[in-house]
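Residues are numbered in our numbering as their position in the sequence shown, beginning at 1, plus a constant of 3.
In this text, a Cβ means the ideal position worked out from N, Cα and C, and glycines have one as well.
Beneath this line is the structure, given in structure tokens, with notes to follow.
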Amino acid sequence: MKPLSVMLSMLAIGITSSAAMAQSANLPNARLVNASLPNASLPNVSPANSDLVNRGAYIARAADCMACHSEDYAGGSAIETPMGDIYSTNITPSKRYGIGKYTQADLKKVLQQGRTPDHMLYPAMPYPSYNGMTDEDISALFAYLQTVPAVDVAPDYKTDLPFPFNFRSLMLGWNLINVPSTENRDGLTQTQQRGEYLVNNLAHCGTCHTPRNSTMGFDKDMYLSGAPLGNWYAPNITPDDSSGIGSWSEQDMVTYLRTGELDQRAYAGGPMGEVVTHSTRYLKDEDLGAIASYLKAVPAIQTDDKVTAVDVARLPSPASESITHDLLEQKDYLAQAKASVGAGSNSPEALYLATCGSCHGVDGYAQPDARYAPIVGLSSIRRDKPDALINVILYGVDSGLNTAPKMPGFSEDLNSEQIAGIANYVRVNLGGLANSDVNADDVDRVMTAEPERPFLIKHAGLLAIIGIIVAIIIIAFIIRAIMSSRRRR
Ligand code: HEC
Ligand code: HEC
Ligand code: HEC
């Protein structure tokens, strides 16, 4: 590949990988009321609106446009990328600031090719996935977007990437290599085909769950096998038994996508909490079922991030007093547990009780009334790699799924050794692992981890400047040559 096209590719990769992050990190308006309501109503659809518009509203949910363009579609959320922040735009029907002048064909080009009427988009907008959207769905989406209230305000910030990334036409090269991001599989049932369309195109699950190749497009051989995402990790969701979700039934998947929780098994925190909050909890049962069915049909990929199967016998049984609805009793129970451990003790158990117990309960089952997450048996505390759990303890959780006070981070209050101790305590006592040897070095490693920046992106500015200097020198030489040949004449 020529260096330039590699560079273009690199540029886009970083962007794409961070697109997902943006979904989690920068959603100012992302507070929804009650996540576990199964059939929360669709947005902005008045009874007068047609079936087409209603269908469009549903597509917008399934494709999770809100995650980045915000709940009123006025845009302005920053998507952090290695090249700088990329801001989502206003996609309300405002003629001046939004997409009020778009035709349906314009929208189609944006969704399928990342091309607006006047410029190329960065793949922070997930067009490599939307590429497969059907014309029917695009026309419904177009009808729906025309009915949302116009917001006649420009987003507060505009994307202004540094040279050379400000040349949007560079994306043409990247698109050649990386769009579309997925291929359709053969031999699927009709239900699975529907699931494939939802997973690959509308819901763009792979944006977060598929690792990137050297050009930062999807690594198709590692499809859905898990990828890092800022302070989070989007786990392997292929049907592999040891590192993926092979043990999940289709019903488990439906429950998880509908409610964000799977009792004593999994929780949708961070970016996945956003996905459930804005998107999957609104989907029809048959669509969630189709997603589940398709995820059973993709190739199982084993990775080194194994997840130990839940061993119910090793999980704490909820001490009856701990699952009390009486908050005062709950407090007494915690006080008793703390006293029996010994005040001022620095043991992991004492630290857990002092730091985590008030929300997650003495035994991890939390308080039923307070809506803090029960954490017993969660996959995030059963993985071989403790990084996700360490990140949760360091930086907390704020996903909008839960209406309870957010989980704070403890990077300021606890030292690395204490965090490692709590992680081990949680993994063994609440996760049912036979042993866990997280140490302070692991915590330091996670804390100082830099997001990976491909060489060409890191040095693009310098490389481009060198390129310009070389070009100027060449031009100078040419001019000199011309001048001297004239003089000679
Ligand atoms: C993962 C985040 C993300 C999601 C999900 C997303 N977008 Fe975008 N979108 C962006 C970003 C960021 C931009 C601006 C990119 C740029 O400046 O190159 C954008 C740009 C656009 C534009 C171009 C507007 C213009 O003329 O400048 C349109 C139209 C659009 N998105 C529509 C949609 C629709 C419709 C959906 C849902 C089907 C959607 N987007 C989902 C992030 C997202
Ligand atoms: C914005 C990024 C993002 C998108 C898009 C996304 N996920 Fe996730 N997903 C995550 C993260 C991060 C986690 C880990 C959550 C946690 O541990 O709290 C996760 C967790 C999961 C889990 C739980 C796995 C386990 O072992 O516990 C499943 C299942 C899942 N996602 C399925 C999906 C499906 C299906 C889609 C598409 C409909 C999807 N995800 C889209 C980021 C994402
Ligand atoms: C102020 C209350 C509070 C405290 C203190 C607290 N948490 Fe949490 N924790 C929460 C809430 C709320 C959630 C769910 C967050 C959400 O969905 O937004 C959560 C989620 C979690 C999760 C699930 C993460 C995932 O997505 O898989 C784990 C694990 C966890 N907490 C561990 C801990 C540990 C360990 C401590 C002590 C160091 C702790 N928490 C302290 C409130 C708390």
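Within its own chain, the residues whose Cβ lies closer than 6 Å to the Cβ of Phe145, once the five positions on either side in sequence are excluded, are Gln107 and Leu110, listed in chain order. Spanning the alpha carbons of Asn438 and Phe221 requires a straight line of approximately 35 Å. Exposure of Gln193 is indicated by the presence of fewer than 16 other C-beta atoms within 10 angstroms of its C-beta. For the 8 Å CB-CB criterion, Gly249 and Asp243 form a contact. Excluding residues up to 5 positions away in sequence, Asn394 and Tyr398 lie with their Cβ nearer than 7 Å to the Cβ of Asn234 in the same chain. Our two residues, Tyr100 and His212, have alpha carbons roughly 33 Å apart in a direct line. Between Ala269 and Ser382, the CB-CB gap stays under 8 Å. Beta-bridge partners of Ile89 (DSSP): Ile82. Remark: three or more beta-carbon pairs, one from each stretch, lie closer than 8 Å, so the region 152 to 168 and the region 86 to 106 are flagged as touching. With a beta-carbon spacing of about 6 Å, Leu260 and Val279 fall inside the 8 Å limit used to define contacts. Within the same chain, Cβ atoms closer than 6 Å to the Cβ of Met69 are found at His281, the five residues on either side in sequence being excluded. DSSP places Ala237 within a strand segment (E or B) once states are collapsed to three. For Ala108, the uninterrupted alpha helix (DSSP H) segment begins and ends at Gln107 to Gln116. Look at Cys71: its beta carbon is less than 7 Å from one of the heavy atoms in ligand 1. Distance check between Glu415 and each of Gly360, Asn134, Thr258 and Met450 places Met450 closest, using alpha-carbon atoms only. Taking C-beta atoms under 8 Å as the contact rule, Ile396 and Ala369 fail to qualify, at a distance of about 16 Å.
Residues Ser228, Gly229, Ser246, Gly247 and Thr306 of the same chain have their beta carbon placed closer than 6 Å to that of Asn239, with the five preceding and five following residues left out of the count. DSSP places Ala269 in the strand class (E or B) of the three-state scheme.
Here Leu232 carries a strand assignment [DSSP, helix/strand/coil]. Burial of Glu352 is indicated by the presence of at least 16 other C-beta atoms within 10 angstroms of its C-beta.
In terms of side-chain proximity, the C-beta atom of Thr358 is found nearer than 7 Å to a non-hydrogen atom of ligand 3. Going by beta carbons, Val56 and Asn134 fall outside the 8 Å limit. Across the set Asp138, Pro126 and Val202, the C-alpha of Pro126 shows the shortest separation from the C-alpha of Leu179. Shown here, Glu199 sits in a helix according to DSSP, grouped into three states. Not one heavy atom of ligand 1 sits closer than 7 Å to the Cβ of Pro158. Cα atoms of Lys409 and Asp401: separation of roughly 6 Å, rounded to the nearest angstrom. Of all C-beta pairs linking the region 58 to 66 to the region 284 to 297, three or more are shorter than 8 Å, placing the two stretches in contact. Nearest C-alpha to Asn93 among Ala391, Gly78, Arg489 and Thr311: Gly78.
Proximity to Gly117 across Arg188, Ile102, Met174 and Phe480 peaks at Met174, based on C-alpha coordinates. In this structure, DSSP gives Met410 an extended state, which the three-state scheme calls strand. Within 7 Å of the C-beta of Leu397 there is not a single heavy atom belonging to ligand 1.
DSSP places Met136 in the coil class of the three-state scheme, outside both helix and strand.
At a threshold of 7 Å, Met128 counts as near ligand 1, since its beta carbon sits closer than that to one of the ligand's heavy atoms.
Residue Leu318 holds the alpha-carbon nearest to the alpha-carbon of Tyr428 among Leu318, Gln339, Ile478 and Arg490. At a cut-off of 7 Å, the beta-carbon of Tyr100 does not count as near ligand 1: no heavy atom of the ligand is closer than that.
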